[in-house]
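So the structure is just underneath, and the comments pick up after that.
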Amino acid sequence: MKILVTGCAGFIGMHVAQRLLGRGDEVVGIDNLNDYYDPSLKIARLAHLQAHSGFSFQRLDIADGQAVSGLFAAERVARVAHLAAQAGVRYSLKNPQAYVNSNVTGFLNVLEACRHNGCEHLVFASTSSVYGANRKLPFSEHDNTDHPVSLYAATKKANELMAHTYSHLFGLPATGLRFFTVYGPWGRPDMSAALFTRAILEGRPIDVFNHGDMERDFTYIDDIVEGVVRILDMVAKRDPGADMTKPDPATSYAPYRLYNIGNNQPVKLTRFIEVLEAALGRKAKMNLLPIQPGDVPATYADVDALGRAVGFRPATPLEEGIARYVTWYREYYGLHA
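Sequential numbering from 8 applies to the sequence shown in our numbering.
Take a look at the structure:
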């Protein structure tokens, strides 16, 4: 198939594109290569993809509706893995407009282009952040998510609502995937794995929020990719049993679905640091701080629906995933044990 991967120079986008190319799909990648973090990492990811003959790239901002429309009309892609977004919870407190431009306007442009160009299936990235103030664990796709605690989460919740609207109005098959704390090789430098690794190696203290009393459902990148690709292959269909007297956010009479992709094993932040220390062979100095605005104390994914739908549940142990990450980190940044 010919598949569009938006945000192809991003962490998850690069890995998804690589998997699709590896199985023989033709991949069209777009990315704006912005400077939210060091663009050199994005360019290095892109170089790996450009080594494949089945890959083509256009530097394009999804907030540019005319450019997005033109790309879809020219490429006639069969399916779309929409992974481009302005990410990060804390940055959304500082630069909210960036989130509206990319995550709302940009997503609308992708929806419109899918609608007008016969897209067979739109798979789009959502986030565990949509669960917001929810305290019932594990988080289930069937739960209400009307209490976001960051603008980032609110824009991703908006994506889910917008996609359902297009499924209802235009029959666009769309599936949203709520990712839970993704980590692994080529990971973003603003995420905890990279921030902690660099600080520990440099002998600097790491900032540990909520005094370490946080739990995250850390999910290894390969498990995320496996879920994305399997869902991409399973086009969303109408649920004839949908009962709108008892609406279920995860399913619909329209061709629309929502799934969690998480490791289903929440880990204390202090345990995450211990595993990282073991892989690095160094102890961390910790600067214990209060919880930050927009953060939640715990995330934990119920992945039963994903397992039933595609026969897959993320299961990479943290120790294994962190070991692979540290190996990559040392190689990429030219560091030695």
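For each residue, glycine too, the CB sits at the ideal point set by N, CA and C.
Leaving out five residues before and five after residue i in sequence, what residues of the same chain have Cβ atoms less than 7 Å from its Cβ?
i: I329; result: V282, L283 and A286
i: A165; result: V111
i: V156; result: G139, A140, G301 and V303
i: V232; result: H22, V23 and R26
Find the nearest neighbour of residue i within the set the options, judged by alpha-carbon distance.
i: F216; options: D302, L342 and G61; result: D302
i: F146; options: F186, G178 and Y173; result: F186
i: A243; options: L208, L313 and I19; result: L313
i: E82; options: A161, T134 and A120; result: A120
i: S133; options: G183, S76 and M21; result: G183
i: S76; options: A161, H123, V189 and L11; result: H123
i: A181; options: W193, A322 and L239; result: L239
i: F279; options: D42, L144, S63 and M221; result: M221
i: I69; options: L296, Y307 and Y106; result: Y106
i: P256; options: R331, L325, K163 and N151; result: N151
i: K163; options: L265, D71, F64 and K143; result: L265
i: P192; options: V12, W335, T13 and G234; result: W335
i: R289; options: M241, G248, R320 and R205; result: R205
i: L7; options: G219, P254, V333 and P324; result: This structure gives no information on residue 7, because the portion of the chain shown stretches from 8 to 344.
Nearest chain C C-beta to residue i closer than 8 Å, yes or no?
i: V96; result: As a matter of chain content, chain C is missing from the structure shown, which is built from one protein chain.
So, at 6 Å on beta carbons, what are the nonlocal neighbours of residue i in its own chain, with the 5 sequence-adjacent residues on each side left out?
i: A74; result: L67
i: Y98; result: none
i: F203; result: I213 and L283
i: K143; result: none
i: K275; result: E222
i: K292; result: P212
i: F79; result: A120 and N124
Is it right to say residue i is buried, meaning 16 or more other beta carbons lie within 10 angstroms of its own, or is it exposed?
i: N39; result: buried
i: R315; result: exposed
i: D153; result: exposed
i: G178; result: exposed
i: A361; result: Nothing can be reported for residue 361: it is not among the residues displayed for the chain, which extend from 8 to 344.
Leaving out five residues before and five after residue i in sequence, what residues of the same chain have Cβ atoms less than 8 Å from its Cβ?
i: D32; result: M8, K9, I10 and G61
i: I298; result: F216, N217, M221 and P304
i: N245; result: The amino acid occupying residue 245 in the given sequence is Arg; Asn does not appear at that position. Closer than 8 Å at Cβ, skipping near neighbours: S259, Y260, A261 and P262.
Complete alpha helix (DSSP H) runs within the stretch 164 to 232 (minimum length 4 residues, chain order): 199 to 209
Please determine if the stretch 221 to 228 and the stretch 46 to 63 are in contact, where contact requires at least 3 C-beta pairs separated by less than 8 Å. no
Tell me whether the stretch 48 to 68 and the stretch 121 to 129 touch, counting them as touching only if at least three CB pairs, one residue from each stretch, are closer than 8 Å. no
Under 8 Å, with one C-beta from each stretch per pair, do the stretch 196 to 216 and the stretch 264 to 271 reach the 3-pair mark? no
Is there contact here, the stretch 54 to 61 with the stretch 83 to 92, by at least three beta-carbon pairs under 8 Å? no
Mind pulling the alpha helix (DSSP H) runs of 4 or more residues that sit fully within the stretch 220 to 299? 228 to 240 and 276 to 287
Complete runs of the beta strand (DSSP E) confined to the stretch 60 to 105 [at least 3 residues]: 62 to 66 and 86 to 89
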